[in-house]
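**Q** Numbering (my numbering), first residue to last: -15 to 92. The C-beta atom is built at its ideal place from N, Cα and C for all residues, glycine as well.
#1: Here's the rule I'm using: 16 or more other beta-carbon atoms within 10 Å means buried, otherwise exposed. How should residue 9 be labelled?
#2: Return the CA-CA distance between residue 0 and residue -7, expressed in angstroms with no decimal places.
#3: Between residue 4 and residue 77, how many whole angstroms is the CB-CB distance? I'm expecting something under 8 Å.
#4: Three-state secondary structure (DSSP) at residue 67?
#5: Taking a contact to mean a Cβ-Cβ separation below 8 Å, would you say residue 95 touches residue 72 in this structure?
#6: What residue range is occupied by the uninterrupted beta strand (DSSP E) comprising residue 50?
#7: Which residues in the same chain have their Cβ closer than 6 Å to the Cβ of residue 50, if we skip the five residues on either side of it in sequence?
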């Protein structure tokens, strides 16, 4: 498999957000619309996902979670039903990492 070279700003933000999740949680994934850092306008380089969501975030979507932008379009919120559960990407990562890490440790 060919290794993709990501821009430094993407690596820096991903490394920074990696501190928000527990061992066993593979997120954040650069290019994932939910857990990945924002992609800069005009960036056309490689992404680490083949669709909008990484496999981990797809599982949360299957459980009924969804992401929407705030009215001003500047911030992502994560909802379940009519309730907003998390108010940012970082809060979403921190709020779901226990479940992801536990699930992945049981698979190992």
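**A** Taking the coordinates as given:
#1: Answer is buried; the Cβ neighbour count reaches 16.
#2: Rounded to whole angstroms, residue 0 to residue -7 spans 11 Å at the Cα level.
#3: Sure, about 5 Å apart at Cβ, within 8 Å.
#4: Looking at residue 67 - three-state DSSP - the assignment turns out to be strand.
#5: Coverage of the chain is limited to positions -15 through 92, which leaves residue 95 absent and any answer about it impossible.
#6: Annotation: the continuous beta strand (DSSP E) that includes residue 50 extends over 49 to 53.
#7: Excluding positions up to five away in sequence, the list reads 63.
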